[in-house]
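Just so you know, the protein sequences line up as chains A and B, in that order.
Position 92 of the first sequence, counting from 1, maps to 183 under the working numbering, and the rest follow consecutively.
Position 171 of the second sequence, counting from 1, maps to 413 under the working numbering, and the rest follow consecutively.
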Amino acid sequence: MTAPAPLVEIRNLEKRFDLSGNFLEQLRFRNGKLTRHQEYVHAINGVNLQVQKGEALCVVGESGCGKSTVARTVMGLLSPSGGEVHYGGKRIDDMSGKAVLPYRRKMQMIFQNPYASLNPRMTIQQTLEEPIRFHHPDWTKADIKNQVQDVMQSVGIDPDWGVRYAHEFSGGQRQRISIARALAVDPEFIVADEPISALDVSIQAQVLNLMMDAQEARGLTYLFITHDLAVVEHFGTRVAVMYLGTVCELADTATLFDSPRHPYTQALLSAIPRLEDHRPNHIRLHGEVSTPVNLPSGCVFHGRCPYANDRCRQEIPALIATDSGSQVACHAVEEGRL
Amino acid sequence: MALLEVKNLDVRFAVRGGDLKAIRGISFSLDKGERLGLVGESGAGKSVAAFSILNLIARPGYIAGGEILFEGRNLAAMSERELRKIRGDRIAMIFQDPMMTLNPVLTVGTQMVEALKAHRRISTANARKIALERLKQVQIPSPEKRLDQYPHELSGGMRQRVIIAIALLLDPEIIIADEPTTALDVTIQAEIMALLLELCEQHNVALMLITHDLGVVSQVSQRMLVMYAGRVIEQGPTKEIINDAQHPYTQGLINALPQMGEPGRRLFQIPGSMPSLNRIPTGCPFNPRCQFANDHCREVMPEYVRSGNVDVACHEVAALIEKEKQLQEEQP
C-alpha cells in the first residue's frame, strides 16, 4: 500500500527543556563530592505523525502532554532536541533561516489567546499588512491593500475597521483577525493551537465554521491542537491522542469515537459531559498525571491504567496497527487482553 | 418554604457616567438538597449573581434592590458582622481557580483549622481531626501527609479537592460553586464533578453550580437557569430545558455545541456577541442576535410565560402559546 506523500511529516520527534540552569547552578555538593546535576522536562518523546494534504489532523491530550510543543516545533518556533520535521518531502528543521523562508509563507499559525497574540499598539490594518510585506517585498502598496481587504472580508470583519486597534474588538472578532493574519499570505498549512478554547460557546461555533469554510475555499491542511474532544469529533479527519509526550492512539475520527482502543482514550472519551447524560458516568482513573520531568519507565500511562501489568511497567509500547484501522500503543491491546 | 429565595435582585456597578446594571431583576429559589445550575456565557452576570448572594460584591458594585432570603432572613440587608457568621458556615463557596483560593503561605491543615475555629469553639486537636476526616471524604491520597503540605505542593485536581473539603468542613446548607472545574483537565474535571455530586447527596447539601458548560449542568443539576445580559431568560427543570429549550438563545447555545452537529458540517451559530453592560439594547436584550425578533421585541422587555414547567422570557414563545390556546378553544 502506498499512501500519497504527506504534506508534513514528523519523524521521531523529541524535545527536552533544560531545567537545570547555567553551569554553576548545576553544581551540587553531595557526600563530600562536587557533582553536576542536570534535569530535563521531556516534553515530546519520539512522536511520529504524518499530515496528509487537505486533512485536519487533531492532536488531543490534557495539559502537559506536549501537544502545544509539537505544534511549535513543527512551526520552527522551537528547535527539536531530536528527530526531523519534513514539509513537502524536504527536511526543514535544520535549514538556515534564509532557506526556510519560502516554507514559512506556506505554514502559518493561529494561537490560543487572541488577547495576547495581537500587537496592542498596531492597528488591524498594520497587523495584517506586516506578514504580506515580509513575504512579498516586491508587492506594491495597492496590491497589499487589496489583499488585506480580501482577507478581512473572507473572515467577516468589515474592511473599514482596519484603522482600529485590537482592544476595540471582542474576543471572537480578535480570533477572526488572527485567522485573517494567518490567511493573509495564502498558506497551505495552518497550525491552530487551541484556537477556540478562550472563547464562549456561541462564539466557538462561529470560529469553527469560519475555519471549516476557509478549509473548503482554500484547500487548507490543518494541524489542530485541542483538549476538547467534542470539537475534534466535529472538525477532525484523523485524531492523535497524546499522553506525556507520546502518541498513544492514532485513528480516523469516526473510528476513534466508535471504538476507542487505548485505555486512556476510553477514559478521555467517557469524561466528556454529554447533554443526554443524567449523571457523570466516566471511567475512573486513579492517581495523577506524572510529571514529564521524571518519566515513568515502560508505558507512560501505566500509573493510572487499570490494565497495567509488569510488562507495561518495564517495556515502552510501540504504535501498532489494529484490525479496526487505528494505531494503538498499548501492550494490553497487542496481547488481546483488551 | 424554600431554603434560599432570591427576589427581584438588582446589582449595579457605579461608574463615571451612571450605573452599569449587571443584574436586572432576577428571581429564583433553591430548596434543601436541591442542585441548581446557572448557565450563561461570559458577561451574562452569572458570577455576579452568585457573589451577590453572600454579598461578596466589591465596590463599586452594590445591591441596588431586591431580597435574598436565606431561611427567611434577608442577606442583602444584613450587617457585615452577621454575614460573616453565615459565610463559610451555612453557605460555603467554591471558586474557579484553586490556587487563588488557598493561601500559599499556610499549610492545608492550618487553613482548615482556621476555618473551623472561626465558627466553632473547638480545640486545635479536635479541629485537625475533623479536617482529616473531611480530607478522607474527598478521597485525597495519603490525607495525613496533606495536612502539613502547602498548596503549591499539590496538583490542580488535589487543590480543588482540598477546597471542597474546606467547603464541607462546617456542614453548610448550601454550596455555591463558581466554575469549579473550568481550570482542570477533562478527566480530572469528571472526577471532581462526580465527587462534588456524591458529597452533596450524602450530606443533603444544596448546590448552586455556576458554569458555561451545558454538558456539566445536564449531568449534575435538577433545575437550571439560563442567563443573558443580566437577566434570567429561561428557568425550569434541567431535563425539560435540555430536551426542548424554548428561548431562541438557549436553543442556539445547545445547537452550537459540536456534539449536536453532524461531523464535518457547519455548526449552528448565533450571530454577533453578548452586548457589553453599557450597550444593552432596549426591549429583549437578545433581540439583535435573534432570528425571530420583530419590532415588539425591540421595544418591550418580555415578561415570563410558562411553557410546561419552564418559565421563559420571550415574546415569540408567548405568542406561540397564545395561538395554541386559541386553537384549543376553537376545537372543543
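Where a beta carbon is used, it is the ideal one built from N, C-alpha and C, also for glycine.
6 Å CB neighbourhood of M92(A) in its chain, flanking five on each side removed: Low per-residue confidence applies at M92(A): pLDDT is 44, beneath 50, and the placement is therefore not dependable, though the value from the model is reported in the following sentence. Around M92(A): no qualifying Cβ.
Between which two residues does the beta strand (DSSP E) harbouring M166(A) extend? M166(A) -> not in any beta strand (DSSP E); alpha helix (DSSP H) instead, spanning K158 to M166.
For M92(A) and chain B, any beta-carbon pair shorter than 8 Å? Confidence in M92(A) is poor, its pLDDT being 44 and thus under 50, which makes the residue's placement unreliable; the coordinate value appears in the next sentence. No - not a single Cβ of chain B is within 8 Å of the one on M92(A).
Could you list which residues in chain A have their beta carbon closer than 8 Å to that of A498(B), in chain order? What A498(B) touches in chain A: V292, S293, Q295 and A296.
Look up N139(A) in the DSSP assignment and say whether it is helix, strand or coil. strand
List, in order along the chain, the chain B residues whose C-beta lies closer than 8 Å to that of A358(A)? T429
Could you tell me how far apart the beta carbons of L246(B) and S271(B) are, in whole angstroms, since I believe they sit closer than 8 Å? That belief holds up - the Cβ atoms of L246(B) and S271(B) are roughly 7 Å apart, short of 8 Å.
Alpha-carbon spacing of R531(B) relative to E421(B), whole angstroms: If you take the alpha carbons of R531(B) and E421(B), they lie about 26 Å apart.
Using a C-beta to C-beta distance shorter than 7 Å, which residues of chain B count as neighbours of N300(A)? R508, L509 and Q511
For Q533(B), does the count of other Cβ atoms within 10 angstroms reach 16, so buried, or fall short, so exposed? exposed
Leaving out five residues on either side along the sequence, give the residues of the same chain with a beta carbon under 6 Å from the beta carbon of Y178(A). V99 and Y194
Looking at L358(B) and L411(B), is the spacing between their C-beta atoms short of 8 Å? yes
So, is the C-beta of E324(B) closer than 8 Å to a C-beta in chain A? no
If I follow the unbroken beta strand (DSSP E) through I101(A), where does it start and stop? V99 to D109
May I have the straight-line CA-CA distance separating E386(B) from G525(B), to the nearest angstrom? 57 Å
Alpha carbons only, please: which of Y313(A), Q238(A), N139(A) and C396(A) is nearest the one belonging to Q418(A)? N139(A)
Residue-chain proximity (L376(A), chain B), Cβ-Cβ < 8 Å: yes
In chain A, what lies closer than 9 Å to P505(B) by C-beta? E324, H325, F326, G327, T344, A345 and F348
Leaving out five residues on either side along the sequence, give the residues of the same chain with a beta carbon under 8 Å from the beta carbon of Q338(B). D420, E421, P422, T424 and A425
Taking C-beta pairs closer than 7 Å, name the residues in chain B that Q263(A) reaches, listed in chain order. For the record, residue 263(A) in the displayed sequence is Gly; it is not Gln. Residues of chain B passing the Cβ test: S515.
Neighbour-count burial assignment, E509(A), 16 or more Cβ in a 10 Å radius: With chain A running from 92 to 429 in the structure shown, residue 509(A) is simply not present.
Using the beta-carbon count (16 or more within 10 Å), is D184(A) buried or exposed? Residue environment: D184(A) is assigned as buried (16 or more neighbouring CB atoms within 10 Å of its CB, all protein chains considered).
Here's the rule: buried if 16 or more other CB atoms are within 10 angstroms of the residue's CB, otherwise exposed. What is R521(B)? exposed
Is it right to say D455(B) is buried, meaning 16 or more other beta carbons lie within 10 angstroms of its own, or is it exposed? buried
Where the beta strand (DSSP E) through T382(A) begins and ends: Segment: none, T382(A) is in no beta strand (DSSP E) and carries neither H nor E.
Compare the Cα-Cα distances from R465(B) to each of Y546(B), A471(B) and L451(B) and report the closest residue. L451(B)
Bounding residues of the alpha helix (DSSP H) (the contiguous stretch that carries V442(B)): One point to set straight first is that residue 442(B) is Cys, not Val, in the sequence displayed. Note, C442(B): alpha helix (DSSP H), V428 to H445.
Classify M92(A) as helix, strand or coil using the three-state DSSP reduction. Caution is warranted here: a pLDDT of 44 is assigned to M92(A), below 50, making its placement in the model unreliable, and no coordinate value can be reported.
Please report how far the alpha carbon of A399(A) lies from the alpha carbon of M333(A), in whole angstroms. Between the alpha carbons of A399(A) and M333(A) lies a distance of about 18 Å.
Between the C-alpha atoms of G260(B) and V298(A), what's the straight-line distance to the nearest angstrom? 34 Å
Taking only beta-carbon atoms, is I316(A) less than 8 Å away from chain B? no
Any chain A beta carbon closer than 8 Å to E443(B): no
How would you label M341(B), buried or exposed, when you count the other beta carbons within 10 angstroms and need 16 or more for buried? exposed
Write down the C-beta distance between V246(A) and I270(A) rounded to the nearest angstrom, noting that I regard them as a contact closer than 8 Å. 5 Å
Reduced DSSP secondary structure (H/G/I, E/B, other) of I406(B): helix
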